[in-house]
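In this text, residue positions in the sequence shown follow my numbering: the first is 21, and each later residue adds one. Glycine included, every Cβ here is placed at the ideal spot set by N, Cα and C.
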Amino acid sequence: MGDSDFTDLRGTEFERADLTGARFTTVSLNRASLRDCALKGVRMRGVEVSGTTIDGEIESLVVNGVDVAPLVEAELDRRHPERPSFRPTTAEGFREAWTLNERLWATTVERARRLSPELLHESVDGEWSFVQTLRHLAFATQAWVDRGILGDPAPWHPLSLPWDQMDPRPGVPHDLAARPPLDEALALRLTAMATVRRVVAELADEQLDLVTEPLEGPGWPDEGACFAVRQCLLVVLNEEWWHRSYAERDLAVLEERS
21 MGDSDFTDLR GTEFERADLT GARFTTVSLN RASLRDCALK GVRMRGVEVS GTTIDGEIES
81 LVVNGVDVAP LVEAELDRRH PERPSFRPTT AEGFREAWTL NERLWATTVE RARRLSPELL
141 HESVDGEWSF VQTLRHLAFA TQAWVDRGIL GDPAPWHPLS LPWDQMDPRP GVPHDLAARP
201 PLDEALALRL TAMATVRRVV AELADEQLDL VTEPLEGPGW PDEGACFAVR QCLLVVLNEE
261 WWHRSYAERD LAVLEERS
């Protein structure tokens, strides 16, 4: 088909748009960019896919009748033998996972220190800078451990950084433009990591499936929510694994710029 067969919507931006149940027929999505989008239950028929990159949490993805998600997971585990440790099932497994996480992040921070301070505030392909990543991981720990497990209704620090699309919540900071020095962001980060270390050090197997008290006050997770201790810790480990992967990827790009 030629350009005249399409309504010209090239360059249109959809932000905070609910397109649930929308139907796209004979639509060109060439060079489209999807960021922080939900694609649950999407069905594609007769599509042409090439040169497409998908980064995200993929639980099920059926391509020509084959669920490729387990294949992707197996390949990621093969490439990163330490990755399965971030899915522990016992209290001792959580302790081992956190020790491994501390060691991995220590090497990543050491790598970052070799760059100029300005580069650590630089975005790569629209992603968070290295310093912003540290601030976000502090927020994740404050949300799921300080608030979720320990019951602190407002554990936030002024530099805590939620995800970009979070709706404003009273008392929760969201200063994306702040540019603290690496050591200041790292101090916040290490304080949060020490909290996780204390929690897992005292953890027993029978505590993993205990459900937390309903959360109090505005924040994240939402007020009134309850979670199993296991779930809270797995969320943190998942955040730790993926954001370190992103940080290592982007540090490689920054090293080429330096």
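Here the alpha carbon of W125 sits roughly 14 Å from the alpha carbon of H156.
Taking every protein chain shown into account, the CB of G85 has fewer than 16 other CB atoms within 10 angstroms, so this residue is exposed. Sequence-distant Cβ neighbours of W118 in its own chain, meaning closer than 7 Å and more than five residues away, are V216, R217 and V220. Annotated three-state conformation of D166 is helix, per DSSP. The residues R103 and P104, in chain order, have a CB closer than 8 Å to that of D97 in the same chain once the five nearest residues on each side in sequence are set aside. In the three-state DSSP reduction, A198 falls in the coil class, being neither helix nor strand. Bridge pairing for A248: V231 [DSSP]. A straight-line Cα-Cα distance of about 13 Å links E68 and T45.
Distance from the CA atom of A160 to the CA atom of T27, rounded to whole angstroms, is 43 Å.
For V192 and G66, the gap between their C-alpha atoms comes out near 45 Å.
DSSP, read as helix, strand or coil, puts D87 in strand.
With contacts defined by Cβ atoms closer than 8 Å, A198 and L228 do not form a contacting pair. Between E243 and the set L59, E233 and L29, the nearest pair of CA atoms involves E233.
In this structure L81 does not touch D75 by the C-beta definition: roughly 13 Å separates them, more than the 8 Å allowed. The continuous alpha helix (DSSP H) containing E122 extends over residues A111 to R133.
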